[in-house]
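Following: one structure in C-alpha cells, then a few remarks.
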Amino acid sequence: MRLSQILISTLRDDPADAEIPSHRLLARAGFIVKTAAGVYTYAPLMWRVVKKFAQIVREELDREGANEVMLPIIQPKELWVSSGRWDRYVTDGIMFSLKDRKGSDMCLGPTHEEVMTAYVDAQVNSYKQLPVNCYQIQDKFRDEIRPRFGLMRGREFIMMDAYSFDADQAGLDEAYQKMRRAYCRIFERCGVEYTVVQADSGAIGGAGSEEFMVIADSGEDAILFCRESGYAANVEKAQSQLPAAPGGGEAKALEKHSTPDVKTVAQLEAFFPGQVAGRMAKTVLYHVTWKNKEKVVAVMMRGDLEINEVKLTNALDALTVRLATEDEIKAATGAEVGFAGPVGLPDEVPLLADESLQGVTNLLTGCNETGFHCLNVNLGRDCRMPSFKELRTARAGEGCPISGKPLEQARGIEVGHIFKLGTKYSKAMGATFMDQGGKPTPFVMGCYGIGVSRTPAAAIEQHFDDKGMVWPVAIAPFECVVAMLDPKRDEQQQLATQLYDQLRADGVDVCLDDRAMSPGAKFKDLELIGVPVQVFVGRKAGEGQVEFLVRKGMQKSECAATDVRANVLAALGR
Ligand code: ATP
Ligand code: MG
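Start counting the sequence shown at 1; every next residue gets the next number (our numbering).
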C-alpha cells in the first residue's frame, strides 16, 4: 500500500480536550476524528488497527468453538421489558431510546443479552443442541455521563460481546474457562501487559466475574493486588484484613456533648482529643432505590474508613444508591447535615453498619440533634443494633485477604470482562430448553465483553514516547514502512519499491511511503504514527545503503539494502 493513496492527516498540535496520551496521540496522528462528544470517525490507519485487533479476537474465540453472528443494533422495547431492564436503562439515561414512525419505542443496543437470549431461545429446543456460544463485533451505544479520553469512554464504541448457553452450572464453568483462556491469548498476542482481577458481579453474586485490566496510570479503575498470593481485585470488590479498632474497654455511661459546628471526622478529632477516628462512627445517609420502592438508609462506618457504594448496593440488594440530599437528611433525621447518628434515629430509617464496628464499645457518634454528639455510644444499648455488613473500601497497605501481606494499588483500564450470569436472563425471559427428562429448563448463561476500540487505545497508554505512538507489532497499522526521502529521485524510487515488493513477498504487512514531503517532516510523521520497523531510502540509495529504525527505543542504524529483508524479519520477531 502506498501512503500517498491513504488519507493521512497528522496535526501539528494536540487537541484541546485530550487529557491522556492515547487520546492526544491518536487525535494528533489523525487516527481518530471527533464527530460528537464520545463519537469518533476511525481514519484509515486506525481502522487497520481495529481490524487487526478484531481479527485476533475472532481467531482466538473461533478456536474455542464460539460462533460469530451479527445482531441488530436497533432493538424493540418489548425485548427489554421482557428482561425487566427497560425502565432502569431508560431512567439511568445510559440507553439511547427512540420512537419509530408508528410511535413504537426502540433503542440502540447498549448491550445484547436480550437479543441474543431471544435468538438462541428460538433456535435451541433440546439439551442436545447445547452448549452454544455466539459472539459479535459491533458498535454499541451508551449515553455515558462523561464521555472522555477519546476511544476509552465513547458513546458509540466497538465491542466484542459473547454469550454462552449451557444446560447446567458445570457447563457454564467450562464455557467461562474457555473464554478466560481465549482472553489471555488475545491480550498476550496484542502485546499489552494485563492483569485479571476479581470484579463485582452485582446483585447476581457468586464468584463469577473477572475483569481484564491493562495497567496504566490513566486507568479509570483502581486495583488492589498482592504479589505474594496473586490476589488481585477491582477496588469495587476488593477485601482486606484490617487490624481491629483500638479497644474501647468496658461500656461507660452515655454522654451527650454540645458540639456546635463540629461536623466532620477531622473536626471531631480536634474537639474530642483522645478519641481516635477508629472509635468514631460516622453515619452517612443514602437514598436507596429498589425495583418497587425508595428509602433513606443510614450507614455507619468507622471514622477512618470509607464506604464502598458497590458493596452497599449489593448488601441492600438495591438497584442504585446515592448520597441523600440535605433535604432528605433533614427529613429523615430531623437534624442538619453532620449530626446524623444511630442514637435517636427514627425507627423507619434502616440502620446498617460496617463489620469493623462490630463489638467496638464507647463510640463517638452523632445523635440526630443539630449541634450535639454522643460519647460512649454502645450499639444495642443506646440505639438499635445495626445490621452488620462488609461495606468498607479496602485500601493499599491493608492486609491481603489471603496472605495478610500489605496490598498494593495500581490503576487499570478495563479492556475485557467475563461474567457468569446464571439464569438471570433466561428465567426472566422464559428462555428454556428441554432437558434429558423432557422438562423445560432455563439456559445457564455467561456473557463476555471486550473493548475492541478501547483496547488499541489502552495499548498506546503502555506504548508511547515523547515522539509519538509505538505500536505493538500485532496491531500496528503496518508492521513496516519503506520510506523514500525524495520520491523525485529515480534511484530512491527504484530501491524503495524493490525493498517494498520483496518484503511484501515475504508476507510482511508493509507500506511504501512515497509522499512528497521534506525528509525532516517525514521522519517526524512516521515517528508519531509509530510503525514498528521503518526503512529510509535516501541519499545513499545509489550505494545500496539505507537507514533502519526500530521505533521502540528509536534504535537507528545504517544497513545495506541487501540486509534489509533479514533485519526487518528479525525486528518483527519472525
Ligand atoms: P466501564 O466500567 O468501563 O464503564 P462496563 O463494565 O460498563 O465498562 P461492559 O458492559 O463490561 O463495560 O463492556 C465490555 C467492555 O466494553 C468493557 O470491558 C470495555 O472494555 C468496553 N467498554 C465499555 N464501555 C465502553 C465505552 N463507553 N467506550 C469504550 N469501550 C467501552
Ligand atoms: Mg465491565
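Where a beta carbon is used, it is the ideal one built from N, C-alpha and C, also for glycine.
Quick caveat, the model's predicted, so the values are computed rather than measured.
Where DSSP assigns a beta bridge to residue i, which residues make up the other side?
i: N67; result: C134
i: L351; result: A298
i: I215; result: G412
i: F464; result: M469
i: P406; result: G399
i: S575; result: For the chain, the structure presents residues 1 to 574; residue 575 sits outside this window and is missing.
i: K99; result: D105
i: F523; result: According to DSSP, F523 bridges with nothing at all.
i: F157; result: K140
i: T283; result: M300
i: P442; result: T432
i: A75; result: The question names Ala, but residue 75 is Gln in the sequence shown. Paired residue(s): C107.
i: F372; result: S258
i: V321; result: V288
i: A162; result: Y135, Y448
i: F388; result: A353
i: R148; result: R153
i: K420; result: G446
i: S126; result: M434
i: I329; result: Paired residues: none, contrary to the question.
i: D513; result: A483
i: Q534; result: V481, L549
What does the alpha-carbon distance come out to for the pair residue i and residue j?
i: L71; j: M116; result: 8 angstroms
i: D166; j: E113; result: 15 angstroms
i: E156; j: D143; result: 8 angstroms
i: A318; j: V288; result: 7 angstroms
i: K581; j: T283; result: What is shown of the chain runs 1 to 574, which leaves residue 581 out entirely.
i: S463; j: R302; result: The identity of residue 463 in the sequence shown is His, whereas the question assumes Ser. Rounded to whole angstroms, H463 to R302 spans 42 angstroms at the Cα level.
i: S97; j: G84; result: 16 angstroms
i: V90; j: M106; result: 11 angstroms
i: R381; j: K439; result: 54 angstroms
i: R515; j: L45; result: 15 angstroms
i: P401; j: K552; result: 39 angstroms
i: Q198; j: S240; result: 13 angstroms
i: N67; j: V120; result: 12 angstroms
i: K467; j: M152; result: 21 angstroms
i: L503; j: F478; result: 12 angstroms
i: K405; j: E309; result: 25 angstroms
i: S218; j: Y194; result: 14 angstroms
i: A132; j: S164; result: It is Val, not Ala, that sits at residue 132 in the sequence shown. Distance between the alpha carbons of V132 and S164: 6 angstroms.
i: G575; j: A266; result: In this structure the chain extends from 1 to 574, so residue 575 is not present and cannot be described.
i: R148; j: A394; result: 27 angstroms
i: L512; j: A43; result: 18 angstroms
i: F141; j: S9; result: 27 angstroms
i: A633; j: L379; result: The displayed coordinates of the chain run from 1 to 574. Any statement about residue 633 would go beyond what the structure contains.
i: W290; j: E328; result: 17 angstroms
i: P456; j: G341; result: 49 angstroms
i: T361; j: V262; result: 22 angstroms
i: A122; j: A474; result: 38 angstroms
i: K102; j: V531; result: 51 angstroms
i: E60; j: M179; result: 9 angstroms
i: I94; j: I145; result: 8 angstroms
i: R48; j: D525; result: 18 angstroms
i: E211; j: Y286; result: 28 angstroms
i: N591; j: E558; result: With the chain covering 1 to 574 only, the question about residue 591 has no answer from this structure.
i: H417; j: P487; result: 48 angstroms
i: Q5; j: D501; result: 17 angstroms
i: F372; j: S258; result: 5 angstroms
i: E306; j: R279; result: 14 angstroms
i: A29; j: V510; result: 19 angstroms
May I ask you to check if the CB of residue i is nearer than 7 angstroms to at least one heavy atom of the ligand MN?
i: R142; result: Judged by which ligands are present, the ligand MN is missing from the structure shown, whose ligands are the ligand ATP and the ligand MG.
(message) Three Cβ pairs or more, each shorter than 8 angstroms: is that satisfied between the stretch 341-360 and the stretch 369-387?
(response) Between the stretch 341-360 and the stretch 369-387, the count of C-beta pairs closer than 8 angstroms reaches three or more; the two stretches touch.
(message) With three or more beta-carbon pairs closer than 8 angstroms as the criterion, would you say the stretch 52-60 touches the stretch 452-463?
(response) The stretch 52-60, when compared against the stretch 452-463, does touch it at the 8 angstroms Cβ threshold.
(message) Suppose only complete runs of 3+ residues qualify. What are the beta strand (DSSP E) ranges in the stretch 191-277, listed by chain order?
(response) 194-198, 209-215, 221-225, 232-234, 255-258, all fully within the stretch 191-277.
(message) Please enumerate, following chain order, all residues with a beta carbon closer than 7 angstroms to at least one heavy atom belonging to the ligand MG.
(response) That gives A199, E211, E414, H417, G449.
(request) Indicate whether the contact test is met: 3 or more Cβ pairs, each with one atom in the stretch 213-226 and one in the stretch 251-266, closer than 8 angstroms. (result) Not touching, per the Cβ criterion.
(request) Would you check if there are 3 or more beta carbon pairs closer than 8 angstroms linking the stretch 241-248 to the stretch 395-414? (result) Yes, since at least three Cβ pairs between the stretch 241-248 and the stretch 395-414 fall closer than 8 angstroms, the two stretches touch.
(request) Please confirm if the stretch 487-506 is in contact with the stretch 525-543, defined as three or more CB-CB distances below 8 angstroms between the two stretches. (result) By the Cβ criterion, the stretch 487-506 is in contact with the stretch 525-543, since at least three pairs of Cβ atoms, one from each stretch, lie closer than 8 angstroms.
(request) Please list the segments of the beta strand (DSSP E) lying wholly inside the stretch 7-42, counting only runs of 3 or more residues, in order along the chain. (result) Complete beta strand (DSSP E) runs here, min 3: 32-36, 39-42.
(message) Give the list of continuous alpha helix (DSSP H) stretches no shorter than 4 residues that lie fully inside the stretch 468-511.
(response) Runs found: 490-505.
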